Each structure stands twice: as structure tokens, then as C-alpha cells.
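Below is one structure; the comments refer to it alone.
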Amino acid sequence: MTAPTFEAYAAENPDARFTEWLRARAEPEWTNAVEHQFVEELGAGTLDEDAFSRYLVQDYAFVETLTGLVGHTVGHAPTMHAKGQLANFLGTLTADENDYFERSFEALSIPTGEYENPQREPVTMAFEDLLTRAATEGGYAEALSVLLPAEWVYLSWGQRVADADPGRFYYREWIDLHAVPDFEAFVEWLRRELDRYGPELSARRQSLVERHFRRVVDLEVSFFDLAYE
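Under the UniProt record's numbering, the first residue of the sequence shown is numbered 1, with each subsequent residue one higher.
What follows is the structure, given as C-alpha cells:
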């Protein structure tokens, strides 16, 4: 069982990264997210289109809140380099990824009103609440503690099915968005940031960061589950 504190984990693993401890603490749900049925069927091209449509509408709603979190974090980032990295990612969310959503909604015949004013599922609202609280009630490390797992899980499953050929463009491009080198570099940068600041946090804040991280991973599993409901 993974040590409950980073101090204990580092004593057993002297060269361990703070983010390695966070990911280990998130098991088994980390593996459940990365190897989820949704991911397997997405890569194979066998995912039911209605299931993907339900998921995509909720994800679009979530991305709106995620964009707000990233914008908030830009303002609180401690260096200009960090602000630039986050601003670049904000540009990806509002340009490339938004373009993907709009083309996919059209191809899947999802009415504009359905994705612009969606009926948010409980898991979506829980996700949005967590992101909002992390941004407004905590500091830079707390914001990173929810942003990193949200993106790292997607990078991990994206790389896992990167060589798949699911056919339909909205399956293929959704994988590509989360497997490209630029996205991998951004996630690695997020890890380095939290690796830098995490070990210096008080024990109380480390515990909060760890709880945020695990909660995001739990919600990622539930988010994939909702496609089948």
C-alpha cells in the first residue's frame, strides 16, 4: 500500500517525484480510468455513437469550467514562464479543441441548444464544483492538483490507444488531441511544477492536494461511466 504521506513515501523511494506519489495514491482508480471500457471501445471504433454523444456534451460543459480554472491559474502562477505555459494551453482549449467539438456536434447531429445549454449530470456538477473550489479557495498548488490529473489521465489513455484506427474522425481526433507531443510536453510541465512546489507545502496542504488529485481521478472514472447510463 502506498504511504499516506509524501514524507514517508520519499523515505522509501529517495528519488521519487511528488507527482509519482500522487498517482500511486490514486490507484486503483487511475488504472480503471486509463483502461476504461470507454477508452477501449473508442480506440476500437466500436463505441456507440449515442454513448459518445452523451459523453461529449457533458465534456463540453466541463471544458467551460476547466477554461475558467486555467485562466484563474494564469493569474496566480508565480513566474512569467508558468503564465505563458498556461496561457498557451488556454489557447488550445478555446481554439483547436473547441473547433473539434463544434465539428463533432454537427457530424453527430447534436442540436446547438443541447450542447450550449446542457442538462448537467451529477458527475459533471461535482467536477465543476471541485475545480471551482480548488481555484478560489486554494493557491497555485491546489489549482495544479486538479488540473494535472484531469490532463494526465487523458494523456495516459490517449497514448495507450494512439496507434488505433477507430475510423470516424470524431473518434480519431479525440484520441489525437490527447496523444500529440505538445500535449505530452504540457502534462510533463504540469508535473514538474507540482514536483517543485508540492514537497515544500505544509503537511496539511499536501494532504489537501492529495485528496484533490484522488477525487479528480475518481470523477474521471465516473465521467466515462455516464456514457453508458
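For each residue, glycine too, the CB sits at the ideal point set by N, CA and C.
Nothing here was measured: the structure is a model prediction, and the numbers come from that model.
Take the alpha-carbon of residue 41 and the one of residue 225: they are about 13 Å apart.
In the DSSP assignment, residue 73 falls within the alpha helix (DSSP H) that extends over 49–76.
In the structure shown, residue 132 adopts helical secondary structure according to DSSP, grouped into three states. With contacts defined by Cβ atoms closer than 8 Å, residue 43 and residue 164 form a contacting pair. With respect to the C-alpha of residue 140, the residue from 36, 24, 171 and 190 having the closest C-alpha is 190. A residue is called buried when at least 16 other Cβ atoms come within 10 angstroms of its Cβ; residue 59 meets this threshold and is buried. Taking C-alpha positions only, residue 115 is separated from residue 150 by approximately 21 Å. Assignment of residue 108 by DSSP, reduced to helix, strand and coil, places it in the coil class. In the DSSP assignment, residue 171 falls within the alpha helix (DSSP H) that extends over 169–177. With fewer than 16 other Cβ atoms inside 10 Å of its own Cβ, residue 27 counts as exposed. Less than 8 Å separates the beta-carbon of residue 198 from that of residue 18.
Contact check for residue 227 and residue 51: beta-carbon distance about 4 Å, within the 8 Å limit, so the pair qualifies. Here residue 142 is near residue 208, since their CB atoms are less than 8 Å apart.
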